[in-house]
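S.K.:
Number of protein chains: 2
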Amino acid sequence: MPPRGKSTTVADALPAQWRRGVYETIQRRRDVRIFRPDPIPAAALARILGAAHHAPSVGFSQPWNFILIRNLALRTRIQAHVDKERLRAAAGFSGERRTQYLSFKLEGVLDAPLNICVTCDRTRFGPSVLGRHTMIDTDLYSTCAAIQNLWLAARAEGIGVGWVSILRPAWLRRTLEIPPKAVVVAYLCVGYAKSFPRRPMLETAGWLPRMSLVETVFAEKWGQPCDGALARILERASGKSHAESEDNVDGRGRAASKPDRTRGGPDTGQPRSGGRIA
Amino acid sequence: MPPRGKSTTVADALPAQWRRGVYETIQRRRDVRIFRPDPIPAAALARILGAAHHAPSVGFSQPWNFILIRNLALRTRIQAHVDKERLRAAAGFSGERRTQYLSFKLEGVLDAPLNICVTCDRTRFGPSVLGRHTMIDTDLYSTCAAIQNLWLAARAEGIGVGWVSILRPAWLRRTLEIPPKAVVVAYLCVGYAKSFPRRPMLETAGWLPRMSLVETVFAEKWGQPCDGALARILERASGKSHAESEDNVDGRGRAASKPDRTRGGPDTGQPRSGGRIA
Numbered sequence: 001m002p003p004r005g006k007s008t009t010v011a012d013a014l015p016a017q018w019r020r021g022v023y024e025t026i027q028r029r030r031d032v033r034i035f036r037p038d039p040i041p042a043a044a045l046a047r048i049l050g051a052a053h054h055a056p057s058v059g060f061s062q063p064w065n066f067i068l069i070r071n072l073a074l075r076t077r078i079q080a081h082v083d084k085e086r087l088r089a090a091a092g093f094s095g096e097r098r099t100q101y102l103s104f105k106l107e108g109v110l111d112a113p114l115n116i117c118v119t120c121d122r123t124r125f126g127p128s129v130l131g132r133h134t135m136i137d138t139d140l141y142s143t144c145a146a147i148q149n150l151w152l153a154a155r156a157e158g159i160g161v162g163w164v165s166i167l168r169p170a171w172l173r174r175t176l177e178i179p180p181k182a183v184v185v186a187y188l189c190v191g192y193a194k195s196f197p198r199r200p201m202l203e204t205a206g207w208l209p210r211m212s213l214v215e216t217v218f219a220e221k222w223g224q225p226c227d228g229a230l231a232r233i234l235e236r237a238s239g240k241s242h243a244e245s246e247d248n249v250d251g252r253g254r255a256a257s258k259p260d261r262t263r264g265g266p267d268t269g270q271p272r273s274g275g276r277i278a
Numbered sequence: 279m280p281p282r283g284k285s286t287t288v289a290d291a292l293p294a295q296w297r298r299g300v301y302e303t304i305q306r307r308r309d310v311r312i313f314r315p316d317p318i319p320a321a322a323l324a325r326i327l328g329a330a331h332h333a334p335s336v337g338f339s340q341p342w343n344f345i346l347i348r349n350l351a352l353r354t355r356i357q358a359h360v361d362k363e364r365l366r367a368a369a370g371f372s373g374e375r376r377t378q379y380l381s382f383k384l385e386g387v388l389d390a391p392l393n394i395c396v397t398c399d400r401t402r403f404g405p406s407v408l409g410r411h412t413m414i415d416t417d418l419y420s421t422c423a424a425i426q427n428l429w430l431a432a433r434a435e436g437i438g439v440g441w442v443s444i445l446r447p448a449w450l451r452r453t454l455e456i457p458p459k460a461v462v463v464a465y466l467c468v469g470y471a472k473s474f475p476r477r478p479m480l481e482t483a484g485w486l487p488r489m490s491l492v493e494t495v496f497a498e499k500w501g502q503p504c505d506g507a508l509a510r511i512l513e514r515a516s517g518k519s520h521a522e523s524e525d526n527v528d529g530r531g532r533a534a535s536k537p538d539r540t541r542g543g544p545d546t547g548q549p550r551s552g553g554r555i556a
């Protein structure tokens, strides 16, 4: 049990520069698809794996594993599989949307020097895991928290991560000899990034808009907008967040002169115009 | 598309203090169950919600919503539901393990001034979402990344988060009027923490051990240990990680004199002794 009386640990905000580091890293993290071939030093890789391993997990079950893939022949087979699934997925879009989809570079399986398959062992420390009786998928959710830790630590190191989901988990399971007890949660391409663009590629390309923050927040029940001071701040944040994150995007405080985004609709909590702005 | 030629954005490691902030925050984040009643200022809440909203999402679909719950009558009903499910879950453990389970304080629904229910709208920007054709649950995974961003930002602010999974999603859906298209992913208790203990409560209580990092990492395929420089560093990290994180746990560099943990078994990638050290 944590101490119940006088706490032995000071529970305060972290120092300003550390706090800023967290926010800046979150803002500057990107789904990276273009990599430099430079290898990742073992010490840096150990740090980002350590960050992943310090994620929260349901009942402290730590259900994750990280399969590091460097072998070129193996990655070439995986790339061929992704190419095939990419064409298959293109059938889900029509007209210009399909053309645009096919124009995107969506992975860096071969460009990145390292791929990581992240799995979730659904039997770990089981069968009874504290907190999983009512929400059985919390082990998968824990694994995703580990992936986000890894992603942020990598960004802080200048290392890009791209999450490739255009592949069939069953195929990858066979290929990497993953046993039935484990689920393939993510396939990541990892390497020094050529750049961390100011905005997500899919936003810049006009594939989908950034939702305004206030649209995503409800009060007391689904669909009820929040109000008061929080609503006003979220409204402002929604207009400003890009400009703010661009102000310092190169780490040297170089200001960008982008105008604020204007909000596109009422606060219904729903995406505007069907969510497509092509 | 991101720039393909000379990059316009410097893709470097972030400044040392920011980078340290990321790692320190990840190490010091805890699943908090004991809260101070102080309200969370709107500006701080907006920052942590903004951090969540800047998570990666499959096809930039941003499927998350955040239902802020403060109403005391509503939280009292939720607490009663959690109490009931906690007793039901206790039946999944036997003997001393059950007694220990029932001794844990597992939530702070009423102690924390704010609860947040995080949902995933499975229809957002759909039906065709880039990257979801082969891995349909990547929208849930994106929502978990948002939760982890929120959790880290909160920690940096001195705000504790506790993820309560001992409740039935279907019950919560009815109670919060969540439509069928959205999935309840998490129910979070949020407030200034009484303390951020040095280790996870379930580790301190001897419920489960921290796995050694090297056990979680494979090379090229499931079950094959990694080797070389990385393996050596991971071995050392596994022994040292607690001591390291304790060295600076109060933010003032106060050193702890804990001995290194010794590793308990061979690198099979499996938890030791069935994973229970009660």
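Listed in order, the protein sequences are those of chains A and B. Start counting the first sequence at 1; every next residue gets the next number (my numbering). Start counting the second sequence at 279; every next residue gets the next number (my numbering). The beta-carbon is built from N, C-alpha and C at its ideal position, and this holds for glycine as well.
Use the C-beta contact count for residue 264 of chain A: other C-beta atoms within 10 angstroms, 16 or more gives buried, fewer gives exposed.
M.R.: Translated into the one-based positions of the first sequence, residue 264 of chain A becomes position 264. With a pLDDT of 32 at residue 264 of chain A, under the threshold of 50, the predicted position of this residue should be treated as unreliable, though the coordinate-derived value follows. Exposed is the call here.
S.K.: Kindly say whether residue 78 of chain A, judged by its beta-carbon, lies nearer than 8 Å to any beta-carbon of chain B.
M.R.: Here residue 78 of chain A refers to the residue found at position 78 of the first sequence. No, no contact with chain B.
S.K.: Where does residue 341 of chain B land, buried or exposed, given buried means 16+ other C-beta within 10 angstroms?
M.R.: Within the second sequence, residue 341 of chain B is the residue found at index 63, counting from 1. It is buried - the Cβ of residue 341 of chain B has at least 16 other Cβ atoms within 10 Å.
S.K.: Tell me, please, whether the CB atom of residue 374 of chain B is closer than 8 Å to any CB atom in chain A?
M.R.: The count along the second sequence starts at 1 and reaches residue 374 of chain B at position 96. Output row for residue 374 of chain B: interface = no.
S.K.: Would you verify that the beta carbon of residue 503 of chain B is, or is not, closer than 8 Å to some beta carbon of chain A?
M.R.: For the purposes of this step, residue 503 of chain B is taken as residue 225 along the second sequence, with counting starting at 1. Not an interface residue.
S.K.: Which residues share a DSSP beta bridge with residue 284 of chain A?
M.R.: Residue 284 of chain A cannot be examined here, being either before or after the span of chain A that is shown, 1 to 278.
S.K.: With a threshold of 16 other CB atoms inside 10 Å of the CB of residue 527 of chain B, please say whether the residue is buried or exposed.
M.R.: As a first step, residue 527 of chain B is located in the second sequence; it is residue number 249 there, counting from the start. Below a pLDDT of 50, predicted positions are generally treated as unreliable, and residue 527 of chain B, at 35, falls in that range; the measurement from the model is reported next regardless. Residue 527 of chain B comes out buried.
S.K.: With a cut-off of 8 Å on the beta carbons, I'd call residue 249 of chain B and residue 326 of chain B a contact; round off their distance for me.
M.R.: Residue 249 of chain B lies beyond the range of chain B shown here (279 to 556); nothing can be said about it.
S.K.: For residue 337 of chain B, which of B:414, B:435 and B:467 has the nearest alpha-carbon?
M.R.: Reading the second sequence from its first residue, position 59 is the one you call residue 337 of chain B. Measuring from the Cα of residue 337 of chain B, the nearest candidate turns out to be B:414.
S.K.: Given residue 176 of chain A, which residues of its chain have a CB within under 7 Å of its CB, disregarding the five upstream and five downstream residues?
M.R.: The residue given as residue 176 of chain A occupies position 176 in the first sequence. Correct list, in chain order: 67 and 117.
S.K.: Is residue 449 of chain B helix, strand or coil by DSSP?
M.R.: Reading the second sequence from its first residue, position 171 is the one you call residue 449 of chain B. In the structure shown, residue 449 of chain B sits in a helix (DSSP, three-state: H, G or I).
S.K.: Considering only DSSP beta bridges, list what residue 337 of chain B is partnered with.
M.R.: Within the second sequence, numbered from 1, the residue matching residue 337 of chain B stands at position 59. Residue 337 of chain B is not bridged to any residue.
S.K.: Strictly below 9 Å CB to CB, what residues from chain A border residue 455 of chain B?
M.R.: Position 177 of the second sequence holds residue 455 of chain B. The contacting residues are 221, 222, 223 and 224.
S.K.: Which residues of chain A have a Cβ atom closer than 9 Å to the Cβ of residue 434 of chain B, listed in chain order?
M.R.: Taking the first residue of the second sequence as position 1, residue 434 of chain B is located at position 156. The contacting residues are 13, 14, 18, 19, 20, 21, 22 and 23.
S.K.: Compare the beta carbon distance of residue 130 of chain A and residue 183 of chain A with 8 Å and say whether it is the shorter of the two.
M.R.: Translated into positions along the first sequence, residue 130 of chain A becomes position 130. Translated into positions along the first sequence, residue 183 of chain A becomes position 183. Contact: no.
S.K.: Starting from the Cα of residue 180 of chain A, find the closest Cα among A:234, A:122, A:71 and A:56 and give me that residue.
M.R.: Along the first sequence, read from residue 1 onward, the residue named residue 180 of chain A stands at position 180. Residue A:122 is the option with its Cα nearest to residue 180 of chain A.
S.K.: Please state the DSSP three-state secondary structure of residue 395 of chain B.
M.R.: Along the second sequence, one-based indexing puts residue 395 of chain B at 117. DSSP places residue 395 of chain B in strand when its eight states are reduced to three.
S.K.: Does any residue of chain A have a CB that is nearer than 8 Å to the CB of residue 324 of chain B?
M.R.: Within the second sequence, the letter at position 46 stands for residue 324 of chain B. It does: the Cβ of residue 324 of chain B has a partner Cβ on chain A nearer than 8 Å.
S.K.: Quick one: residues in its chain with C-beta nearer than 8 Å to the C-beta of residue 496 of chain B, no 5 flanking neighbours on either side, listed in chain order?
M.R.: Indexing the second sequence from 1 puts residue 496 of chain B at position 218. 502, 503, 504 and 547, listed in sequence order.
S.K.: Based on Cα-Cα distance, which residue from B:509, B:492 and B:484 lies nearest to residue 374 of chain B?
M.R.: On the second sequence, position 96 is the one that residue 374 of chain B refers to. Nearest C-alpha to residue 374 of chain B: B:484.
S.K.: Can you say whether residue 209 of chain A is buried or exposed, counting buried as having 16 or more other CB atoms within 10 angstroms of its CB?
M.R.: Translated into the one-based positions of the first sequence, residue 209 of chain A becomes position 209. That one is buried.
S.K.: Residues of chain B with CB under 7 Å from residue 217 of chain A, in chain order?
M.R.: Numbered from its first residue, the first sequence carries residue 217 of chain A at position 217. By Cβ distance, chain B contributes 327, 344 and 346.
S.K.: Suppose you measure from the CA of residue 285 of chain A to the CA of residue 22 of chain A; what does that come to, to the nearest Å?
M.R.: This structure gives no information on residue 285 of chain A, because the portion of chain A shown stretches from 1 to 278.
S.K.: State the Cα-Cα distance for the pair residue 465 of chain B and residue 73 of chain A, rounded to the nearest angstrom.
M.R.: Position 187 of the second sequence, counting from 1, holds the residue named residue 465 of chain B. Position 73 of the first sequence, counting from 1, holds the residue named residue 73 of chain A. Cα to Cα, the separation comes out at about 44 Å.
S.K.: Looking at C-alpha atoms only, which residue of A:144, A:12 and A:79 is the closest neighbour of residue 171 of chain A?
M.R.: Along the first sequence, read from residue 1 onward, the residue named residue 171 of chain A stands at position 171. The shortest Cα separation from residue 171 of chain A among A:144, A:12 and A:79 belongs to A:79.
S.K.: DSSP has residue 251 of chain B in a bridge; who is on the other side?
M.R.: It is not possible to answer for residue 251 of chain B, since the shown part of chain B is limited to 279 through 556.
S.K.: With a threshold of 8 Å between beta-carbons, can residue 235 of chain B be considered close to chain A, or not?
M.R.: The requested residue 235 of chain B does not occur in the structure, where chain B is confined to residues 279 to 556.
S.K.: So residue 157 of chain A packs on residue 412 of chain B, CB below 8 Å; how close in whole Å?
M.R.: Residue numbering aside, residue 157 of chain A sits at position 157 when the first sequence is read from its first letter. Residue numbering aside, residue 412 of chain B sits at position 134 when the second sequence is read from its first letter. Contact doesn't hold; Cβ gap of about 29 Å is too wide.
S.K.: Report yes if the CB atom of residue 392 of chain B is closer than 8 Å to the CB atom of residue 354 of chain B, and no otherwise.
M.R.: For this step, residue 392 of chain B is matched to residue 114 along the second sequence. For this step, residue 354 of chain B is matched to residue 76 along the second sequence. No, these two residues do not count as a Cβ contact at 8 Å.
S.K.: Express the C-alpha separation of residue 423 of chain B and residue 215 of chain A in angstroms, rounding to a whole number.
M.R.: Your numbering for residue 215 of chain A matches position 215 in the first sequence. Your numbering for residue 423 of chain B matches position 145 in the second sequence. So the alpha carbons of these two residues sit roughly 19 Å apart.
S.K.: I think residue 440 of chain B touches residue 385 of chain B, with their Cβ atoms under 8 Å apart; what is that distance to the nearest whole Å?
M.R.: By 1-based counting over the second sequence, the position of residue 440 of chain B is 162. By 1-based counting over the second sequence, the position of residue 385 of chain B is 107. At roughly 6 Å, the Cβ-Cβ gap stays under 8 Å, so residue 440 of chain B and residue 385 of chain B are in contact.
S.K.: Can you find the residues in the same chain that come closer than 7 Å, C-beta to C-beta, to residue 379 of chain B, ignoring five residues on each side of it along the sequence?
M.R.: Residue mapping note: residue 379 of chain B aligns to position 101 of the second sequence, counting from 1. Cβ within range, chain order: 368 and 371.
S.K.: Would you say residue 206 of chain A faces chain B, with C-beta separation under 8 Å as the test?
M.R.: The count along the first sequence starts at 1 and reaches residue 206 of chain A at position 206. Answer no: the Cβ-Cβ gap between residue 206 of chain A and chain B never drops below 8 Å.
S.K.: Hey, residue 213 of chain A and residue 231 of chain A are a contact pair by Cβ (cut 8 Å); roughly how many whole angstroms apart?
M.R.: In the first sequence, counting from the first residue as 1, residue 213 of chain A sits at position 213. In the first sequence, counting from the first residue as 1, residue 231 of chain A sits at position 231. Rounded, the Cβ-Cβ distance is 10 Å, inconsistent with contact.
S.K.: According to DSSP, what are the bridge partners of residue 225 of chain A?
M.R.: If you number the first sequence from 1, residue 225 of chain A lands on position 225. Beta-bridge pairing links residue 225 of chain A to A:218.
S.K.: Which of helix, strand or coil does DSSP assign to residue 205 of chain A?
M.R.: Your numbering for residue 205 of chain A matches position 205 in the first sequence. Correct three-state label for residue 205 of chain A: coil.
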